[in-house]
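Take UniProt numbering: the last position of the sequence shown gets the number 475, and nothing is skipped along the way. Idealized CB from N, CA, C, for every residue including glycine.
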Amino acid sequence: MPEPTTVAFPPAFHFGAATSAYQIEGAVREDGRTPSIWDTFSHTPGRTAGGETGDIAVDHYHRYRDDVALMAELGLTAYRFSVSWSRVQPTGRGPAVQRGLDFYRRLVDELLVRGITPALTLYHWDLPQELEDAGGWPHRDTAFRFAEYAQLVGEALGDRVEQWITLNEPWCSAFLGYASGVHAPGRTDPAASLRAAHHLNLGHGLAVSALRAAMPAGNRIAISLNSSVVRPLSQDPADLAAARRIDDLANGVFHGPILHGAYPPSLLEATRSVTDWSHVLDGDVRTINAPLDALGLNYYTPTLVSAAAGGAEGPRADGHGSSDHSPWPAADDVLFHQTPGDRTEMGWTIDPTGLYDLIMRYTREAPGLPLHITENGAAYDDKPGPDGRVHDPERIAYLHAHLAEVRRAIADGADVRGYYLWSLMDNFEWAYGYGKRFGAVYVDYATLERTPKSSARWYGEAARTRVLPPVGAGA
């Protein structure tokens, strides 16, 4: 039987790349845009590496035509981007600013002219600061403001964008933003993080309904979850229970109501010491359980856990940065361990089998729902060589291994429609500033010149041929 690496991907399978607004656009004060929580957070001393911000980022706002041309040159078939909420609706309320929407109209038109399918994410973590000042995601009203924003964008772009994503990684928004505080807005309140998780879910459900009403019937709506592949350190019952606890907090808190119409009872019971869940009102879960057309999955590394009785705690391995505060409410008795194997510059273990396991889990969890790998990629210490070229064989090996697992999952019956490399180009990597390079395209931050790395050429060849080239083919 042929290996997955030598078997062609389906004809309609998308080879895409992904970015987010705050990480690439810059132009933070142009055309009516006002601060988001990431503007405020990055300008707060001590919050980001070297005090770096997204004020300029990689200036995609002014260079988008060149960037789209580069995507076309590389052979990408799809591009996933996010809309800056505060560029479209500066206070998070009221009518849209047409100058802000016009940027996305121009971007989408440029993609379509080049034959690249746009996939639009409504929210990639950049809440308008005024809404955070009014309470942020722990405040119920934010969910309704998000639905109004979704309607505005749907009305403006629904005639030319068919693929829509409501939220990107709501786990990060809720638990890194409001529990550990390593992401904006930098709060450390476990109870608020659980309220935020619910209101993100509610905002998603309300946005699905708003988009359905605002757009043509054929458009497809999804959500992108960074669901964790949670593995126990051993088969000891205590370690298995710890893994179930983290699985609830990482996955069940979102896919429970979104896919199955209920929060896991074990999650509610385990977090009673933090919240009584009275913020979940009658009808909320029914709203959250709005039918979807696809599901986005983001994957980087598995999570290995044990119970506190399992031994000394190893280095943090949950992939979300270090903090004196845990992002896991009511899980102080769970220890995180570094999984064995090679690691990326983020310290994340490379384990392609986790991507296969994740795909097959959601093939079972949501039968009949098409899947998209909306993020997968690796950070490495990329530098131009003497010839000016950027060789990144580690990233090529990473992509080859993970795409082979996607192909294996498809062969085993999974309905995976696309893969979006994170990221198109080097950019502002949140609290890490510009120190972590995930891009297939190298960016000289002094000149903002773009240089495709060898991985970009390799990936472009995969997109054109629909077969994975040998690992050494991109050199």
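Here Glu375 carries a strand assignment [DSSP, helix/strand/coil]. By the neighbour-count criterion, in which a residue is buried when 16 or more other Cβ atoms sit within 10 angstroms of its Cβ, Lys453 is buried.
If the five residues before and after Ala378 are omitted, its C-beta is found closer than 6 Å to the C-beta atoms of Thr344, Arg395 and Tyr398, all from its own chain and listed in chain order. In the DSSP secondary-structure assignment, Met425 is bridged to Val441.
Judged by DSSP in its simplified three-state form, Pro170 adopts helix. In this structure Val229 touches Asp357 by the C-beta definition: roughly 5 Å separates them, less than 8 Å. The secondary-structure analysis by DSSP pairs Ser36 across a beta bridge with Pro128. Listed as beta-bridge partners of Val334 by DSSP are Ala307. A buried status is given to Lys436, since no fewer than 16 other beta-carbon atoms sit within 10 Å of its beta-carbon.
Pro370 sits close to Arg417, with the two beta carbons spaced by under 7 Å. Taking 7 Å as the cut-off, the beta carbon of Tyr178 is found no closer than this to the beta carbon of Ala207. In the DSSP annotation of this structure, Pro237 is not part of any beta strand (DSSP E); the continuous alpha helix (DSSP H) holding it starts and ends at Pro237 to Asp247. Counting along the chain, the unbroken alpha helix (DSSP H) around Ser193 starts and ends at Pro190 to Ala214.
By the C-beta criterion, the region 232 to 243 is judged not to be in contact with the region 178 to 193, since fewer than 3 inter-stretch pairs fall below 8 Å. With contacts defined as CB atoms closer than 7 Å, Leu403 and Leu468 qualify as a contacting pair.
Apart from the 5 residues on each side of it in sequence, Ala473 sits with its Cβ closer than 7 Å to the Cβ of Trp458 and Glu461 in its chain, given in chain order. Here Gly54 is buried, its C-beta having at least 16 other C-beta atoms within 10 Å. DSSP assignment within the region 356 to 413 yields the following whole alpha helix (DSSP H) runs of 4 residues or more, N-terminal first: 393 to 411. A Cβ-Cβ distance of about 6 Å is found for the pair Ile37 and Gln129, placing them in contact under the 8 Å criterion.
Sixteen is the threshold: when 16 or more other Cβ atoms of the shown chains lie within 10 Å of the Cβ of Val406, as they do, the residue is buried. Assigned with DSSP and collapsed to three states, Asn219 falls in coil, not helix or strand. The beta carbon of Phe9 lies closer than 6 Å to those of Arg466 in the same chain, with the five residues before and after it left out.
Gln98 sits away from Asn427, with the two beta carbons spaced by 7 Å or more. DSSP, reduced to helix, strand and coil, places Asn289 outside both helices and strands of the structure shown, so it counts as coil. Taking C-alpha positions only, His400 is separated from Leu111 by approximately 26 Å.
Taking a C-beta distance under 7 Å as the contact criterion, Ala262 and Arg245 do not qualify as a contact pair. Residues Ala197, Leu200, Asn201, His204, Ile223, Leu225 and Phe254 of the same chain have their beta carbon placed closer than 8 Å to that of Pro170, with the five preceding and five following residues left out of the count. Taking C-beta separations shorter than 8 Å and ignoring five residues to either side along the sequence, the partners of Ala463 in its chain run Phe15, Leu74, Gly75, Leu76 and Thr77, following chain order.
Only residues of its own chain outside the window of five on either side were considered, and among them Ile37, Thr40, Phe41, Leu127, Glu132, Gly136, Gly177 and Tyr178 have a CB closer than 8 Å to the CB of Pro185, listed in chain order. Here DSSP, grouped into helix, strand and coil, assigns His255 to helix. Ranked by how close their Cα comes to the Cα of Ala12, the residues Met360, Tyr419 and Pro470 have Tyr419 in first place. Annotated as distal: Ala96 and Val83, with beta-carbon spacing of 7 Å or more. The residues Val390, in chain order, have a CB closer than 6 Å to that of Pro384 in the same chain once the five nearest residues on each side in sequence are set aside.
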